[in-house]
């Protein structure tokens, strides 16, 4: 089972539509739970506090899961390596992918991570990152099940 943990909600329907398309594709292979954590309002000089509160909410949702945090300072891997991580770990427990909000993720969440993954050294918007992770999860299952999508 895959668990997707995001900060905040997507308001743009075009992103939501593409997200739903990938969600339907992934659900052919595994169950998926999407969790949207309430984002904290960001006021001047309170980013750290907002991250901490969001981090507490995230940690409550990923207890016992194999946690993969998406962070620009994480490890860069190939699609095949990503598929192998999913294949090895989904048998034992739920895999929770955690995507931070506009201010990033609390250090407590990063320390809790079983794996820190980066898709780029560049900063990506939360909405775009949701689509990237969905596409890569679908690609991983295509690799695992030897489907032609990946090729």
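In this note's numbering, the protein residues as written are 1 to 151.
All C-beta atoms in this analysis are idealised placements derived from N, C-alpha and C, irrespective of residue type, glycine included.
- Residue environment analysis places residue 149 among the exposed positions, since fewer than 16 neighbouring C-beta atoms fall within 10 angstroms of its C-beta.
- Annotation: the continuous beta strand (DSSP E) that includes residue 33 extends over 32-37.
- Counting along the chain, the unbroken beta strand (DSSP E) around residue 74 starts and ends at 66-75.
- For residue 132, the enclosing alpha helix (DSSP H) starts and ends at 126-144.
- Residue 3 carries a strand assignment under DSSP once its states are collapsed to helix, strand and coil.
- For the pair of segments examined, the segment 98-115 was found to touch the segment 62-77: the number of CB pairs separated by less than 8 angstroms reaches three.
- A direct Cα-to-Cα measurement between residue 17 and residue 28 gives close to 18 angstroms.
- In the structure shown, residue 106 falls within a coil segment according to DSSP collapsed to helix, strand and coil.
- 32 is the residue among 32, 111 and 25 whose C-alpha sits nearest the C-alpha of residue 5.
- In the three-state scheme derived from DSSP, where H, G and I count as helix and E and B as strand, residue 29 is classed as coil.
- Taking C-alpha positions only, residue 143 is separated from residue 88 by approximately 13 angstroms.
- Following the DSSP letters along the chain, one finds residue 113 in no alpha helix (DSSP H), marked with neither H nor E.
- Residue 128 counts as exposed, since fewer than 16 other beta carbons sit within 10 angstroms of its beta carbon.
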